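Here the structure comes first, spelled out in structure tokens, and everything after it is commentary.
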Amino acid sequence: MSFAFGIGIGTQNNQGEWLEVYYQQPIMTPGKDLIDVVETALDYKGGNQAIDVKAEQLTRFANALRQLGQTDQAKLAEKAAESKRPVVVTVLATDDTASSTPEVYLKLHLISHRLAKPHSVKLDGIFGLLPNLAWTNEGAIDLNELPERQLQARIEGRTLEVKSVDKFPQMTDYVVPKGVRIADTARVRLGAYVGEGTTVMHEGFINFNAGTEGTSMIEGRISAGVMIGKGSDLGGGCSTMGTLSGGGNITISVGENCLLGANAGIGIPLGDRCTVEAGLYITSGTKVNLLDDNNEQVEVIKARDLAGKNDLLFRRNSLTGAVECKTNKSAIELNEELHANN
Numbered sequence: 001m002s003f004a005f006g007i008g009i010g011t012q013n014n015q016g017e018w019l020e021v022y023y024q025q026p027i028m029t030p031g032k033d034l035i036d037v038v039e040t041a042l043d044y045k046g047g048n049q050a051i052d053v054k055a056e057q058l059t060r061f062a063n064a065l066r067q068l069g070q071t072d073q074a075k076l077a078e079k080a081a082e083s084k085r086p087v088v089v090t091v092l093a094t095d096d097t098a099s100s101t102p103e104v105y106l107k108l109h110l111i112s113h114r115l116a117k118p119h120s121v122k123l124d125g126i127f128g129l130l131p132n133l134a135w136t137n138e139g140a141i142d143l144n145e146l147p148e149r150q151l152q153a154r155i156e157g158r159t160l161e162v163k164s165v166d167k168f169p170q171m172t173d174y175v176v177p178k179g180v181r182i183a184d185t186a187r188v189r190l191g192a193y194v195g196e197g198t199t200v201m202h203e204g205f206i207n208f209n210a211g212t213e214g215t216s217m218i219e220g221r222i223s224a225g226v227m228i229g230k231g232s233d234l235g236g237g238c239s240t241m242g243t244l245s246g247g248g249n250i251t252i253s254v255g256e257n258c259l260l261g262a263n264a265g266i267g268i269p270l271g272d273r274c275t276v277e278a279g280l281y282i283t284s285g286t287k288v289n290l291l292d293d294n295n296e297q298v299e300v301i302k303a304r305d306l307a308g309k310n311d312l313l314f315r316r317n318s319l320t321g322a323v324e325c326k327t328n329k330s331a332i333e334l335n336e337e338l339h340a341n342n
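Heads up: the sequence shown begins at 1 in full-length UniProt numbering, then just goes up one per residue.
Below is the structure:
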């Protein structure tokens, strides 16, 4: 069984190089019968391959898909046969490192379509395969070709709006997941996983290979590689440290029913039902005073020792400035647990 399949319609520059690809109905783990049809109709040779296809090939492919009972994919192939833009059929036999732009876009689509969770798809090396593009109201444009396109638009009485210059497009130009609200769509990149019930407010941001399980209010930043559990809220201006930040390799995550206050931040993973007070940024090396039920200090530890623990309240002492941690169970019990795992 193969890893993924998709019929894509994309954009190429004047040299015939792929800039981006749109996959309306990607498939995760396609069956062998579908791959057999790709081999027969499109001369697929196996492995991970992005196949440039023409209209007549797509028509034959659509007929074969219909005979197989793949009605939705057959309809998509028939529509793609009428495309004025180039069409690609991408087959990923395995989740190996991508070797082409269409392969990268298929993987990013899998995540944004909620077919794959962040960290479940191999995305190393993708930056070298994603060209830096002008994302405009007329689609993706090679930066070397942008001045000519801008001039031509002016001559024709139009204005070519450049919305961003980036390697990643906004997710909603490709995928709008069911049951979400996104106030500013430019702040959610393709490759984000936005769970059903999530609201992303104007200052909220979700990077690729990151996202929410659902029912979350996002008014802060979800950096690359970070996953937010159900029922957790990120307050305005707060931040999560991504796996790309500073070359770190610790996967940052937030458990269920947590709260990061406004302008707070974390550089450690949080367990369930944790709170970080507004304005407090916790890194792995932050010294934390562990308090008991009487607010008496039990021990001074590093924040990394509390990574993944449940029911924690992080706050800063307003008189001394010290970072403190209280728990919904006794700090003595937590302290014993920490030392037992040393």
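Here a beta-carbon is modelled for each residue, glycine too, at the ideal position from N, C-alpha and C. If you're wondering where the values come from, they're calculated on a predicted model, not measured in any experiment.
Discussion item. For MET241 and ILE222, which I take to be in contact (beta-carbon distance under 8 Å), what is that distance rounded to the nearest angstrom?
Written reply: MET241 to ILE222, Cβ: 11 Å. No contact.
Worksheet entry | Backbone secondary structure at ILE252 - three-state DSSP | coil
Discussion item. To the nearest angstrom, how far is the alpha carbon of residue 344 from that of ALA41?
Written reply: In the structure as shown, the chain begins at 1 and stops at 342. Residue 344 is therefore absent and cannot be evaluated.
Worksheet item: Going straight from the alpha carbon of GLY247 to that of ILE141, what length do you get?
Response: Low confidence applies here, because GLY247 scores a pLDDT of 44, under 50, leaving its location unreliable; read the following figure in that light. Taking the straight line joining both Cα atoms gives about 31 Å.
Worksheet item: Rounded C-beta distance between residue 343 and ASP272? I'm assuming under 8 Å.
Response: There is no way to answer for residue 343, as the model of the chain reaches only from 1 to 342.
Item to complete: Please confirm whether LYS167 and THR136 have their CB atoms less than 8 Å apart.
Response: no
Discussion item. Would the stretch 82–93 count as touching the stretch 45–55 if we require 3 or more Cβ pairs under 8 Å?
Written reply: yes
Discussion item. Just verifying my parser: in three-state terms, what is the DSSP assignment at LYS163?
Written reply: strand
Worksheet item: What is the residue span of the alpha helix (DSSP H) that GLN297 lies within?
Response: Note, GLN297: premise wrong, no alpha helix (DSSP H); beta strand (DSSP E) at 297–302.
Item to complete: Starting from THR11, follow its DSSP beta bridges and name the residues at the other end.
Response: GLU20
Discussion item. With three or more beta-carbon pairs closer than 8 Å as the criterion, would you say the stretch 98–114 touches the stretch 191–211?
Written reply: yes
Fill in: Where LEU290 falls: helix, strand or coil (DSSP)
strand
Worksheet item: For GLN67, which of PHE205, ASP173, TRP18, ASP36 has the nearest alpha-carbon?
Response: ASP36
Worksheet item: Can you tell which of GLY179, GLY46, ALA81 has the C-alpha that lies nearest to the C-alpha of ILE7?
Response: ALA81
Practice prompt. Could you tell me whether the stretch 203–213 touches the stretch 141–151, where touching means 3 or more Cβ pairs closer than 8 Å?
Written response: no
Item to complete: Along the beta strand (DSSP E) that carries LYS107, what are the first and last residues, could you check?
Response: Careful: LYS107 lies outside any beta strand (DSSP E), inside the alpha helix (DSSP H) at 101–112.
Worksheet item: Under the DSSP definition of a beta bridge, which residues are partnered with LYS326?
Response: LEU313
Worksheet item: In terms of alpha-carbon separation, which member of GLY128, LYS84, ARG181 lies closest to PRO102?
Response: GLY128
Discussion item. What does the Cβ neighbour count give for LEU319, buried or exposed, with the cut at 16 atoms within 10 Å?
Written reply: exposed
Practice prompt. Just mark ASN289 as buried or exposed, buried being the case when its beta carbon has 16 or more other beta carbons within 10 Å.
Written response: buried
Discussion item. ALA183 and MET201 - do their beta-carbons sit closer together than 8 Å?
Written reply: yes
Worksheet item: Hey, SER284 and ALA303 are a contact pair by Cβ (cut 8 Å); roughly how many whole angstroms apart?
Response: 6 Å
Worksheet entry | Pair within 8 Å by beta-carbon distance, SER232 and SER216 | yes
Worksheet entry | Candidates GLU213, GLY125, LEU58, THR185: closest to LYS79 by CA position | LEU58
Worksheet item: Helix, strand or coil: which one does DSSP assign to THR59?
Response: helix
Worksheet item: Residues bridged to residue 363 by DSSP?
Response: Since the first and last residues shown for the chain are 1 and 342, residue 363 lies out of range.
Worksheet item: Is it buried or exposed for GLN73, if we count other Cβ within 10 angstroms and need 16 for buried?
Response: buried
Worksheet item: Taking just the CA atoms, how far does ASP43 sit from ARG60?
Response: 12 Å
Discussion item. Taking 7 Å as the limit between beta carbons, can you name the residues of its chain near GLN12, skipping five residues before and five after?
Written reply: TRP18, LEU19, PRO86
Item to complete: Thinking GLN25 and LEU76 are a contact (beta carbons under 8 Å), I'd like their distance in whole angstroms, please.
Response: 6 Å
Worksheet item: Under a three-way DSSP split, which group does LEU34 fall into?
Response: helix
Practice prompt. Please classify PHE5: does DSSP put it in a helix, a strand, or coil?
Written response: strand
Worksheet item: Roughly how many whole angstroms lie between the Cα atoms of ASP293 and THR97?
Response: 50 Å
Worksheet entry | Buried or exposed by the 16-neighbour rule on C-beta atoms within 10 Å, applied to VAL176 | exposed
Worksheet entry | For ASP173, the nearest candidate out of ARG189, ALA64, GLU161 (CA to CA) | ARG189
Item to complete: Would you kindly work out how many angstroms separate the C-alpha atoms of CYS258 and GLY204, rounded to a whole number?
Response: 16 Å
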